[in-house]
Amino acid sequence: MRFDPEEWYVADWGHNLLMEAEMRIAADGFIDVSDGRRVRTPGNHSESVEPVPEAQALSFLLSHSFPGHRRLVRSLTLAERKRIRRALWAESVSERMNIVDRVWRAITEPVLEPSDPNEPELVQVVQLGSWAYPLYLDGPATCVKPLGGLPVGEVGRKNTVLRLDRMSA
C-alpha cells in the first residue's frame, strides 16, 4: 500500500473538524444546532401527567369564583383535565390561577350582565352524576352557590340544567 499525503490530509482535516465541534460544545456549554445528536435538558420530560377524574376536575374548577359573567358550554377535555392536575400541583397561587383561568375561558362563553347587579342571578345548573352546581352571576363575578354544589335532588326543576354525564377518555 502506497502512502498518499493528500488523502491523509483530507482524512485528518475531517477528523479535526469533528474534534473542533466537540470542543466547541464542551467549552461554552451550548449545544451546536447543526449537530445531529440531541441532548435532553434537565427537567421532567419523561413523566406524563395523568388527568384528574372529570367529577374532581369540575368540582375543583367550580370551587373558584371568576371575574366576568360566563356560562359553561361544554365539558372538560382530557388535555384540560391534565391542566387541572398541574394546577393542583402548582407551587404558587399565581401559577394555579393562571391555569384555572385558561381552562375556565376555554369551556365557557360570555353572557349578558344581570338585570340587578346587587342581586345574584342564576345562569345555569351544571349536573355531573349525582351533584349539581348552580352557577350565579354575583356582582362582577361568576361563582357556584352554595360552594361545593348540591345533591341533584335539592335543585329545583325550573332551573336550566346542563348535563355533563358523558363518558370521556
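Each position in the sequence shown, counted from 1, maps to that position plus 230 in the numbering used here. We treat Cβ as the ideally placed atom computed from N, Cα and C, and that holds for glycine.
In summary, residue 305 is buried, with 16 or more beta-carbon neighbours lying within 10 Å of its beta-carbon over all protein chains present. Excluding sequence positions up to five before and after residue 313, its CB lies within less than 8 Å of the CB of 329, 332, 333, all in the same chain and listed in chain order. Under the three-pair Cβ rule at 8 Å, the segment 277 to 286 does not count as touching the segment 340 to 357. Residue 367 has 351, 372 as its beta-bridge partners, per DSSP. In the three-state reduction of the DSSP assignment, residue 339 falls in the strand class.
Residue pairing of residue 300 in beta bridges, as defined by DSSP: 340.
With fewer than 16 neighbouring CB atoms inside 10 Å of its own CB, residue 383 falls in the exposed class.
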